[in-house]
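Undergrad: For reference, each letter of the sequence shown is one residue, going -3 to 597 in this note's numbering. Glycine is no exception: its CB is placed at the ideal position from the N, C-alpha and C atoms. Before anything else, here's the structure in question.
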Amino acid sequence: MKDRGINKQFRENMREHHGNYHLGAGFTLAIIGCLLVVLMIAGVSGPSSSPGTAGAVLGATIQINHSKKLRPINIHGRKRVCSLPRKGSVACQAEIALNSSGQPLIASPASSGALGPQQFHVGYQLPCTPGGAVESACPSPSTYGPETIAIVDAGNFSSGVSGLESSLSGYDQYYGLPACSTSNGCLSVVNQSGSASSLPADAGWSDEIALDVETAHMVCQSCRVVLVEANDAYTSDLAAAEATAASFNPDAISNSWGDTTDDYSYDSNFEKPGIAIVASAGDSGSVGNGASWPADIPDVVGVAGTTLQLNTDNTWAGESLWSGSGGGCSTYYSAPSWQTGLTDWTNNGCGSYRSFADVSADADPNTGAAVYLNGSWYEIGGTSLSAPLVASIYALDGGLPSTAIGSSVPYADASTANFHDISSGSDCVSGVTVHCTATNGFDTPTGLGSPNGTAGLAALPTPPDLSADIVNQNEIMLKWTPSSSTSAISGYHVYRNGVLAATVTTTSYDDTGLTPNTTYSYYVTGYDSSGAVSSQSSTVSALSAYPADINADGHINVLDLSLLASKYGQCSSTVGRADINGDGCVNLLDLSILANKYGSE
-3 MKDRGINKQF RENMREHHGN YHLGAGFTLA IIGCLLVVLM IAGVSGPSSS PGTAGAVLGA
57 TIQINHSKKL RPINIHGRKR VCSLPRKGSV ACQAEIALNS SGQPLIASPA SSGALGPQQF
117 HVGYQLPCTP GGAVESACPS PSTYGPETIA IVDAGNFSSG VSGLESSLSG YDQYYGLPAC
177 STSNGCLSVV NQSGSASSLP ADAGWSDEIA LDVETAHMVC QSCRVVLVEA NDAYTSDLAA
237 AEATAASFNP DAISNSWGDT TDDYSYDSNF EKPGIAIVAS AGDSGSVGNG ASWPADIPDV
297 VGVAGTTLQL NTDNTWAGES LWSGSGGGCS TYYSAPSWQT GLTDWTNNGC GSYRSFADVS
357 ADADPNTGAA VYLNGSWYEI GGTSLSAPLV ASIYALDGGL PSTAIGSSVP YADASTANFH
417 DISSGSDCVS GVTVHCTATN GFDTPTGLGS PNGTAGLAAL PTPPDLSADI VNQNEIMLKW
477 TPSSSTSAIS GYHVYRNGVL AATVTTTSYD DTGLTPNTTY SYYVTGYDSS GAVSSQSSTV
537 SALSAYPADI NADGHINVLD LSLLASKYGQ CSSTVGRADI NGDGCVNLLD LSILANKYGS
597 E
């Protein structure tokens, strides 16, 4: 999970901040005679030609060029947006960037350096919709859902639901996102009992609410967003709101708040198989008392914070553990089997106790999210940002099978392809010197690292080995290997040129009615009985043309014969379509196929 190529400028930024026949004999002899003439003219080896280079495929992982220029990180002061908790209550984990006078920084995203959809989607390789390609602005869906993100916060937005809609509208217009409102079915706001009326009066968490809702909508733009407002910041109210949020059967629930006391009497409200329940690990450095509830509940996905470094084209350049992030070892909850089974656990885990950073995401207020709030732009971070980022990525995967535990999912496929390893930085505080420094592989303060695409948070396996075989000018046959965990797979979605073409329960699809001599690209996703969707397969491309029509001009004639002759006798990856039967060599078998179709149009 290591990217060891973080360049000097990134290290300096960090340093500054931390301070893919049968053939008639006569006709065959005649064609071979023609071939011999062509071979004498062209030479057996023929002219050298390079294969065509495929264009960039949307959805493929962007390869990072570390000679790129890094996006600058502006250094600001910061402060909590919510007051410190009273006894029996919790704190929201949002931190707002300050100007030189110590006041909230009010500036456009462009001038402040705050991050938006372009930065998060490209940086973390996120699609617009489950199984889709990497994009940062999506077309408006005809309906929102069924993917749903629930958000649990305390209190009401300062200017009510209409004010929240107005702020969200300003955000969407600025970034060109689909509109999200209560009238179009994108947004719902209810109290902790599930009623849209009698919403709480307290407006102390308005900044937190704006951050959570705008982040969720920005990441999964076709998702429904349900905001559940607890009456107050008391643990009992938020636990009741959590149960209400779960009643909407969302794909994920985001909790951008926490308590430094384990309120385990309410744990069952956060233990919901089939729902990814996500919680902030905290904003006060490594937790020495072993409690950051509910993030430390083993079934909950605990999310720590990073400082995210991007290139100026928004591609990922590196990440460091944010010095203000929470995390640590529980002193109450035992480590689940998916943690203790890690090869890195003995050296970097918490022994027999739960480590409550499972994954990480951007949280540093200096690389924070742009938030539009009542007519002004702010830059806000904290693990209040990393929680809705991760929760929304779970929703982009189409959710979990009904029996899956959200926190176990990333450990099932914790590869370097799916997570960026966070191996530098610390969140050590006075009196806490262990379990607070990022290291290679899994570690207590950053967990498995930050998302690189959605596959690491997908409970369903990606369909492997997709291939496309040309049948004729109007037909391409697709085949793939069954997903590795077929017991959970109900079927597959087949996408042609990024658009859903078919849903099948087999591992093949015959795509017919195609336009001749046209290149088509395909990928496949798996789904289960609950509607959860896997990440997309590799993308393959194919040209709808008779295989013997080597130059794809709609005719099989002497021009194709000449092209075959120029590659005759070669066995390599550069022989192109002259290798008609696809065995890697251009030989008599290919000539026989061509001869059988010679003169066809």
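With the cut-off set at 7 Å, would you say Val215 and Phe244 are in Cβ contact?
TA: No. Outside cutoff.
Undergrad: Helix, strand or coil, according to DSSP, for Thr302 in the structure here?
TA: Correct three-state label for Thr302: strand.
Undergrad: Can you list, in chain order, the stretches of the alpha helix (DSSP H) that have 4 or more residues and sit fully within the stretch 83 to 126?
TA: As far as the stretch 83 to 126 is concerned, its whole alpha helix (DSSP H) runs of at least 4 residues are 105 to 108, 113 to 119.
Undergrad: Count the other CB atoms, across all protein chains shown, that sit within 10 Å of the CB of Arg350; report buried if there are 16 or more and exposed otherwise.
TA: It is buried - the Cβ of Arg350 has at least 16 other Cβ atoms within 10 Å.
Undergrad: When the Cα of Pro174 is compared with those of Tyr542, Ala133, Gly200, which residue comes out closest?
TA: Closest by alpha carbon: Ala133.
Undergrad: Where do the ends of the alpha helix (DSSP H) carrying Val430 lie?
TA: Neither: Val430 is in no alpha helix (DSSP H) and is coded neither H nor E.
Undergrad: Assign Gly522 to one of three DSSP states: helix, strand, or coil.
TA: Strand.
Undergrad: Alpha carbon to alpha carbon, what distance is there between Leu369 and Gly151?
TA: Those two C-alpha atoms are separated by around 16 Å.
Undergrad: Determine, using beta carbons only, whether Ser276 and Thr379 come nearer to each other than 7 Å.
TA: Against a cut-off of 7 Å, the Cβ pair of Thr379 and Ser276 comes out as a contact.
Undergrad: Is the beta carbon of Asp149 less than 7 Å from the beta carbon of Glu204?
TA: It is a contact, given that the beta carbons lie within the stated cut-off.
Undergrad: Does the stretch 320 to 333 come into contact with the stretch 288 to 308, if we say contact requires no fewer than three beta-carbon pairs (one atom in each stretch) closer than 8 Å?
TA: Because the criterion of three Cβ pairs below 8 Å is met, the stretch 320 to 333 and the stretch 288 to 308 touch.
Undergrad: Assuming the contact rule is C-beta atoms closer than 8 Å, Ser569 and Ile466 should be a hit. Round their C-beta distance to whole Å, please.
TA: Going by Cβ atoms, the distance from Ser569 to Ile466 rounds to 18 Å, so no, they are not a contact pair.
Undergrad: Give the straight-line distance between the Cα atoms of Ala544 and Asn493, rounded to the nearest whole angstrom.
TA: C-alpha separation (whole angstroms): 24 Å.
Undergrad: In the DSSP assignment, what residue or residues form a beta bridge with Ile249?
TA: Answer is Ala146, Ile273.
Undergrad: Quick check on Leu510: buried or exposed, where buried means 16 or more other Cβ atoms within 10 Å of its Cβ?
TA: By the 10 Å Cβ count, Leu510 comes out buried.
Undergrad: Return yes when the Cβ of Ile546 is within less than 7 Å of the Cβ of Ser596, no when it is not.
TA: Not a contact, by the Cβ cut-off of 7 Å.
Undergrad: Give the DSSP-derived three-state secondary structure of Lys65 in the structure shown.
TA: Coil, per DSSP.
Undergrad: So the alpha helix (DSSP H) Ile576 belongs to, where does it begin and stop?
TA: Here Ile576 belongs to no alpha helix (DSSP H), and DSSP marks it neither H nor E.
Undergrad: What does the alpha-carbon distance come out to for the pair Cys78 and Ala287?
TA: Cα to Cα, Cys78 sits roughly 20 Å from Ala287.
Undergrad: Under DSSP, the alpha helix (DSSP H) around Tyr407 begins and ends at which residues?
TA: Unbroken alpha helix (DSSP H) run through Tyr407: 405 to 408.
Undergrad: With H, G and I counted as helix, E and B as strand and the rest as coil, what does DSSP make of Val500?
TA: It is a strand residue.
Undergrad: From this set, Trp289, Ala359, Asp354, Ala313, which residue's C-alpha is nearest Tyr328's C-alpha?
TA: Minimum Cα distance to Tyr328 is reached at Trp289.
Undergrad: I'd like the span of the beta strand (DSSP E) that includes Glu471, first residue to last.
TA: Residues 471 to 475.
Undergrad: Name, in chain order, the residues that DSSP records as bridge partners for Gly73.
TA: Answer is Leu94, bridged to Gly73.
Undergrad: Ignoring anything shorter than 3 residues, give me the beta strand (DSSP E) runs that lie fully in the stretch 331 to 389, in order along the chain.
TA: The stretch 331 to 389 contains these whole beta strand (DSSP E) runs: 349 to 351, 355 to 358, 365 to 369, 372 to 377.
Undergrad: Just how far apart, CA to CA, sit Glu471 and Pro135?
TA: Cα to Cα, the separation comes out at about 29 Å.
Undergrad: Tell me Asp203's beta-bridge partners as DSSP assigns them.
TA: Answer is none; Asp203 lacks a bridge partner.
Undergrad: Looking at C-alpha atoms only, which residue of Ala528, Leu496, Ala206 is the closest neighbour of Gly400?
TA: One detail in the question is off: residue 400 reads as Ala in this sequence, not Gly. Out of Ala528, Leu496, Ala206, Ala528 has the C-alpha closest to the C-alpha of Ala400.
Undergrad: In the structure shown, what three-state DSSP assignment does Asn468 receive?
TA: In this structure, Asn468 counts as strand in the three-state DSSP scheme.
Undergrad: DSSP state of Leu223, grouped into three classes?
TA: It is a strand residue.
Undergrad: Grouping DSSP H, G and I as helix and E and B as strand, with all else coil, what is Asp507?
TA: Asp507: strand per DSSP, three-state reduction.
Undergrad: Is the stretch 401 to 409 touching the stretch 220 to 240, taking contact as three or more C-beta pairs under 8 Å?
TA: The stretch 401 to 409 is not in contact with the stretch 220 to 240.
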